[in-house]
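This report refers to the structure that appears directly beneath it.
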Amino acid sequence: MADRTVSLIEIEDVTFSYTSQRHEPALRNLDCSIEQGSFVGITGLAEAGKSSLCRLTSGYIPHFFHGEFSGRVSVAGTDTRETTIGELAERVGFVFENPFDQLTGASLTVLEEAAFAPESMGLARVEIRPRTQKSLAQVGMEDLADRHPQRLSGGQSQRLALASVLAVQPEIFILDEPTSQLDPLGVEEVFDVISDMHCRGYTVILVSQDLDHLATRADRLIVVDKGEIKWDGEPRNVLLEAAGARHHILIPDVLEISRSLRAAGRIASTSPLPLTVEQAAEELSSIDGRVSAAEAIAASESSRPLPASKDSNNELLFEDVHYDYPTGESAIRGVSLSLDEGCVCIVGQNGAGKTTFAKHLNGLLRPTRGRVLVRGKDTREYRVAELAREVGLAFQNPDDQLFRSTVEEEVRFGPDNVGVGPEESKRLVTSAMELLGLEAVGGKKPHDLGVAERKRVATASVIAMNTLSLSSTNRQGDRTPRGSSCWATW
Amino acid sequence: MSNALLVFFRALVVVCAVLIMVFSTYPKTMMVAFIDKGLSPKLAYVFMASLQFIPDMQRRARAIIEAQQARGLDLEANIWSRFQALLAMMIPLLTGALISVETRSLALEARGFSRGGVRSHLIEVPDSATDRVIRWSMAAIVVLVAVWRIVL
Numbered sequence: 001m002a003d004r005t006v007s008l009i010e011i012e013d014v015t016f017s018y019t020s021q022r023h024e025p026a027l028r029n030l031d032c033s034i035e036q037g038s039f040v041g042i043t044g045l046a047e048a049g050k051s052s053l054c055r056l057t058s059g060y061i062p063h064f065f066h067g068e069f070s071g072r073v074s075v076a077g078t079d080t081r082e083t084t085i086g087e088l089a090e091r092v093g094f095v096f097e098n099p100f101d102q103l104t105g106a107s108l109t110v111l112e113e114a115a116f117a118p119e120s121m122g123l124a125r126v127e128i129r130p131r132t133q134k135s136l137a138q139v140g141m142e143d144l145a146d147r148h149p150q151r152l153s154g155g156q157s158q159r160l161a162l163a164s165v166l167a168v169q170p171e172i173f174i175l176d177e178p179t180s181q182l183d184p185l186g187v188e189e190v191f192d193v194i195s196d197m198h199c200r201g202y203t204v205i206l207v208s209q210d211l212d213h214l215a216t217r218a219d220r221l222i223v224v225d226k227g228e229i230k231w232d233g234e235p236r237n238v239l240l241e242a243a244g245a246r247h248h249i250l251i252p253d254v255l256e257i258s259r260s261l262r263a264a265g266r267i268a269s270t271s272p273l274p275l276t277v278e279q280a281a282e283e284l285s286s287i288d289g290r291v292s293a294a295e296a297i298a299a300s301e302s303s304r305p306l307p308a309s310k311d312s313n314n315e316l317l318f319e320d321v322h323y324d325y326p327t328g329e330s331a332i333r334g335v336s337l338s339l340d341e342g343c344v345c346i347v348g349q350n351g352a353g354k355t356t357f358a359k360h361l362n363g364l365l366r367p368t369r370g371r372v373l374v375r376g377k378d379t380r381e382y383r384v385a386e387l388a389r390e391v392g393l394a395f396q397n398p399d400d401q402l403f404r405s406t407v408e409e410e411v412r413f414g415p416d417n418v419g420v421g422p423e424e425s426k427r428l429v430t431s432a433m434e435l436l437g438l439e440a441v442g443g444k445k446p447h448d449l450g451v452a453e454r455k456r457v458a459t460a461s462v463i464a465m466n467t468l469s470l471s472s473t474n475r476q477g478d479r480t481p482r483g484s485s486c487w488a489t490w
Numbered sequence: 001m002s003n004a005l006l007v008f009f010r011a012l013v014v015v016c017a018v019l020i021m022v023f024s025t026y027p028k029t030m031m032v033a034f035i036d037k038g039l040s041p042k043l044a045y046v047f048m049a050s051l052q053f054i055p056d057m058q059r060r061a062r063a064i065i066e067a068q069q070a071r072g073l074d075l076e077a078n079i080w081s082r083f084q085a086l087l088a089m090m091i092p093l094l095t096g097a098l099i100s101v102e103t104r105s106l107a108l109e110a111r112g113f114s115r116g117g118v119r120s121h122l123i124e125v126p127d128s129a130t131d132r133v134i135r136w137s138m139a140a141i142v143v144l145v146a147v148w149r150i151v152l
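Those protein sequences? They're chains U and Y, same order as listed.
Residue 27 in the numbering used here sits at position 27 of the first sequence; the count goes up by one each step and never skips.
Residue 112 in the numbering used here sits at position 112 of the second sequence; the count goes up by one each step and never skips.
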């Protein structure tokens with residue numbers, strides 16, 4: 001052992017099970033070491049043990065999350081069991097998934113929020129301001145120093161969380177899915193800041209499902225599966241192996257395309273795989289032949305013809321709809337459209353008016369000018385509960401709605417409200433649960449399930465209402481049902 | 001009538017005093033001053049957090065009502081369904097609050113909140129001679145007025 005250099009983080013043979021799930025270890029015989037200055041990406045399916053791995057490194061396991069713990073974790077030579085979260089925090093910074101919950105909730109300006117940690121550490125007053133301003137500058141928020149923290153966008157809020165941690169000046173940064181609740185712009189902002197920190201010499205551990213962003217930036221990728229490390233190594237190789245094994249992580253398109261080109265023999269299998277669009281474009285431009293590369297790719301995907309347009313019956317009709325918030329801010333300006341059967345996606349940045357639009361579909365919001373017709377019903381003349389029979393609206397945060405004691409009862413809440421008979425209700429509940437793969441957990445408490453499953457429960461409860469149309473404000477990763485027409489907003 | 005006026009003016013004095021304080025005092029400055037005088041930083045945190053707790057809960061409650069209405073919950077029907085509506089709102093509100101408390105307490109922990117030892121502050125609250133004179137004379141006036149009420 002003497003010839004081995006000790007890494008910054010050493011995890012040796014760790015098995016851990018949470019008190020609430022004693023029979024099912026979250027981590028099994030995990031061995032891992034992380035070198036100083038590296039950028040380690042961690043990915044895997046929901047409930048695979050990614051968060052547990054992060055909590056292990058920051059000492060939250062076993063100090064905050066209790067359970068059965070065996071093995072050893074050391075950070076810079078210190079056993080995490082022999083120290084406290086507070087002491088570890090000076091070395092290990094942690095950024096959480098929810099951009100709003102991790103702010104202290106006790107600051108009135110962005111500057112105060114970022115100064116919270118230096119204040120707690122008892123730094124001299126003359127040092128606090130420059131240090132805080134420097135960390136705000138590192139995340140590009142120096143201009144927002146006087147803004148109220150509750151008036152920030154998701155991306156800004158997440159960058160503020162990063163700045164508050166930066167102000168502690170830790171060596172290691174752990175980020176647990178910091179971009180999963182952000183819009184595309186916010187994702188770019190946060191990833192850029194993280195890459196920048198890695199360049200400055202910080203050790204970064206980043207959990208994400210977004211491999212398009214992660215694989216190009218990290219210098220090591222770990223895939224966690226059922227509490228164990230499944231693959232670990234250079235991102236390219238790990239992704240290749242995962243793609244080869246048909247593992248369910250989202251392999252970047254660029255990589256899939258290059259892989260099929262190699263498999264088809266159009267590119268030498270020895271040439272290095274591209275990870276970015278630029279690299280791929282360069283590689284593709286080198287292909288010559290009668291069939292262009294673009295055609296080769298297109299041929300591998302079955303072409304989907306657009307559905308033939310049927311008779312328009314204008315199930316949902318927007319007529320010159322304007323909506324102004326009570327504050328006077330206008331969110332929708334003169335939208336006129338009609339929607340029929342089929343699947344329509346609405347995309348746009350945060351604050352573009354997508355959610356406002358969706359809320360008009362079932363009367364949660366009513367137009368300040370113009371009108372919305374749902375199957376000929378003017379939304380201004382009906383109650384939300386009545387319109388809910390026609391339009392199902394699934395919201396993003398499952399914890400805003402789950403309140404029954406079993407999953408099955410939860411799913412039945414929708415149909416019961418709509419007033420279908422018990423037989424029909426039973427049938428709808430069963431089929432909605434089947435559709436979302438919830439048969440096995442029907443008798444469990446919704447809150448004992450993981451976030452991904454809770455989201456599916458919430459969606460199932462809306463699907464079970466068997467409405468004419470379904471609108472979901474959920475983000476990626478949710479399955480939408482066939483049969484009913486749906487509008488998804490991202 | 002005169003009694004009513006008396007009660008009115010007494011209430012007015014209290015309301016004005018509170019209003020003057022609310023409009024003239026930046027809460028964080030007041031808390032820093034209190035901590036300097038020996039108030040526990042944890043209590044100060046509770047005070048500061050409670051200022052934002054209500055708007056935060058209101059926002060959550062609005063989101064919950066919307067989500068439940070979208071699932072067909074009728075807020076305008078008979079008493080029984082209104083009672084059910086209350087449950088459908090309160091349970092997610094409380095569980096949601098508990099979930100965010102977990103994240104928040106870890107985030108506070110990670111920022112060294114329960115570290116103990118010396119603390120410092122971004123804002124400096126100087127206690128000038130004028131401040132002290134005004135403070136002590138206020139106390140003196142209160143005592144004088146109390147004595148005046150009791151004796152005379």
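A virtual CB, placed ideally from N, CA and C, is assigned to each residue, including glycine.
This one's a predicted model, so the numbers in the text were calculated from it and none came from an experiment.
Coil, strand or helix - residue i by DSSP
i         : result
Thr78(U)  : strand
Arg151(U) : helix
Asp253(U) : helix
Arg129(U) : helix
Gly348(U) : coil
Ile287(U) : coil
Glu494(U) : Since the first residue shown for chain U is 1 and the last is 490, residue 494(U) is missing from the structure and cannot be characterised.
Ile42(U)  : strand
Leu306(U) : Caution is warranted here: a pLDDT of 49 is assigned to Leu306(U), below 50, making its placement in the model unreliable, and the coordinate value is therefore given only provisionally. It is coil, neither helix nor strand.
Ala48(U)  : coil
Gly442(U) : coil
Ser336(U) : strand
Met1(Y)   : coil
Asp101(U) : coil
Thr15(U)  : strand
Tyr323(U) : strand
Val92(U)  : strand
Ser330(U) : strand
Ile267(U) : coil
Ile20(Y)  : helix
Gly491(U) : Outside the shown range of chain U (1 to 490) lies residue 491(U), about which nothing can therefore be said.
Arg456(U) : helix
Arg60(Y)  : helix
Val165(U) : helix
Leu98(Y)  : helix
Residues that residue i bridges to, as DSSP identifies them
i         : result
Val374(U) : Leu316(U), Lys377(U)
Asp146(U) : Answer is none; Asp146(U) lacks a bridge partner.
Ser33(U)  : Glu10(U)
His360(U) : In DSSP, His360(U) forms no bridge with anything.
Phe9(Y)   : In the DSSP output, where bridge partners are listed per residue, Phe9(Y) has none listed.
Glu68(U)  : Ser17(U)
Please give the ranges of any alpha helix (DSSP H) in the region 200 to 248 of chain U, keeping only runs that are unbroken, at least 4 residues long and fully inside the region. As far as the region 200 to 248 of chain U is concerned, its whole alpha helix (DSSP H) runs of at least 4 residues are 211 to 217, 235 to 244.
Note down, in chain order, all residues in the region 108 to 135 of chain U with a beta-carbon under 8 angstroms from any beta-carbon belonging to chain Y. Against chain Y - using a Cβ distance shorter than 8 angstroms - the residues of the region 108 to 135 of chain U are Leu108, Leu111, Glu112, Ala115, Phe116, Ala117, Pro118, Glu119, Ser120, Met121, Gly122, Leu123, Ala124, Arg125, Ile128, Arg129, Thr132.
If the cut-off is 8 angstroms on Cβ atoms, which residues from the region 347 to 369 of chain U count as contacting chain Y, listed in chain order? Taking 8 angstroms as the cut-off between beta carbons, the residues of the region 347 to 369 of chain U near chain Y are Lys359, Asn362, Leu364, in sequence order.
Just checking, does the region 147 to 167 of chain U make contact with the region 99 to 118 of chain U on the three C-beta pairs under 8 angstroms criterion? Taking a contact to require three or more Cβ pairs closer than 8 angstroms, the region 147 to 167 of chain U and the region 99 to 118 of chain U qualify as touching.
Counting pairs of beta carbons, one from the region 75 to 90 of chain Y and one from the region 58 to 71 of chain U, are three or more of them closer than 8 angstroms? Touching, no, given that fewer than three Cβ pairs across the two stretches are closer than 8 angstroms.
contact_flag[the region 55 to 64 of chain Y, the region 356 to 370 of chain U] where n(CB pairs < 8 angstroms) is 3 or more: These segments do not touch.
Touching or not, the region 160 to 179 of chain U and the region 83 to 97 of chain U, by the rule of three or more beta carbon pairs under 8 angstroms? Yes, the region 160 to 179 of chain U touches the region 83 to 97 of chain U.
Could you list the residues in the region 257 to 273 of chain U with a C-beta less than 7 angstroms from some C-beta on chain Y, going in chain order? Listed by position, the residues of the region 257 to 273 of chain U near chain Y (Cβ gap below 7 angstroms) amount to none.
Does the count of Cβ pairs from the region 99 to 106 of chain U and the region 20 to 40 of chain U closer than 8 angstroms reach three? With a cut-off of 8 angstroms, the region 20 to 40 of chain U and the region 99 to 106 of chain U do not count as touching, because too few Cβ pairs lie within range.
The region 85 to 98 of chain Y: which residues have C-beta closer than 7 angstroms to a C-beta of chain U, in chain order? Correct list: Leu87, Ala88, Ile91, Pro92, Thr95, Gly96.
Run through the region 104 to 133 of chain Y for me and flag every whole alpha helix (DSSP H) of 4 or more residues, listed as ranges in chain order. Positions of the alpha helix (DSSP H) runs, each at least 4 residues long and wholly inside the region 104 to 133 of chain Y, cannot be given because no such run exists.
At a Cβ cut of 8 angstroms, what residues of the region 53 to 80 of chain Y count as close to chain U, listed as they run along the chain? Residues passing the 8 angstroms Cβ filter: Phe53, Pro55, Asp56, Arg60, Ala63, Ile64, Glu66, Ala67, Gln68, Gln69, Ala70, Arg71, Gly72, Leu73, Asp74, Leu75, Glu76, Ala77.
Compile a chain-ordered list of the residues in the region 194 to 212 of chain U whose CB is closer than 7 angstroms to at least one CB of chain Y. Residues of the region 194 to 212 of chain U with a Cβ closer than 7 angstroms to any Cβ of chain Y: none.
Residues in the region 406 to 417 of chain U having any Cβ partner in chain Y nearer than 9 angstroms: For the region 406 to 417 of chain U, which is checked against every Cβ of chain Y, the residues closer than 9 angstroms are Phe413, Gly414, Pro415, Asp416, Asn417.
Check whether the region 123 to 139 of chain U and the region 70 to 79 of chain U touch, using three or more Cβ-Cβ pairs below 8 angstroms as the test. Flag = no, the region 123 to 139 of chain U and the region 70 to 79 of chain U do not touch.
Contact between the region 384 to 398 of chain U and the region 346 to 363 of chain U is defined here as three or more beta-carbon pairs at a separation below 8 angstroms; is this criterion met? Three or more Cβ pairs drawn from the region 384 to 398 of chain U and the region 346 to 363 of chain U lie within less than 8 angstroms of each other, which places the two stretches in contact.
Is there contact between the region 6 to 25 of chain U and the region 175 to 194 of chain U, where contact requires at least three CB pairs shorter than 8 angstroms? The region 6 to 25 of chain U, when compared against the region 175 to 194 of chain U, does not touch it at the 8 angstroms Cβ threshold.
Compile a chain-ordered list of the residues in the region 8 to 39 of chain Y whose CB is closer than 8 angstroms to at least one CB of chain U. Result list: Tyr26, Pro27, Lys28.
Just by C-beta distance, which residues in the region 311 to 341 of chain U are closer than 8 angstroms to chain Y? Here the close residues number zero.
May I ask you to verify whether the region 455 to 468 of chain U touches the region 435 to 446 of chain U, counting CB pairs closer than 8 angstroms and requiring at least 3? The region 455 to 468 of chain U vs the region 435 to 446 of chain U: in contact.
What residues in the region 141 to 164 of chain U have a beta carbon less than 8 angstroms from any beta carbon of chain Y? Going along the region 141 to 164 of chain U in chain order, one finds Gln150, Ala161, Ser164 with a Cβ nearer than 8 angstroms to chain Y.
Contained alpha helix (DSSP H) runs [length at least 4] in the region 25 to 62 of chain Y, N- to C-terminal order: If we require 4 residues or more, the alpha helix (DSSP H) runs fully inside the region 25 to 62 of chain Y come out as 27 to 36.
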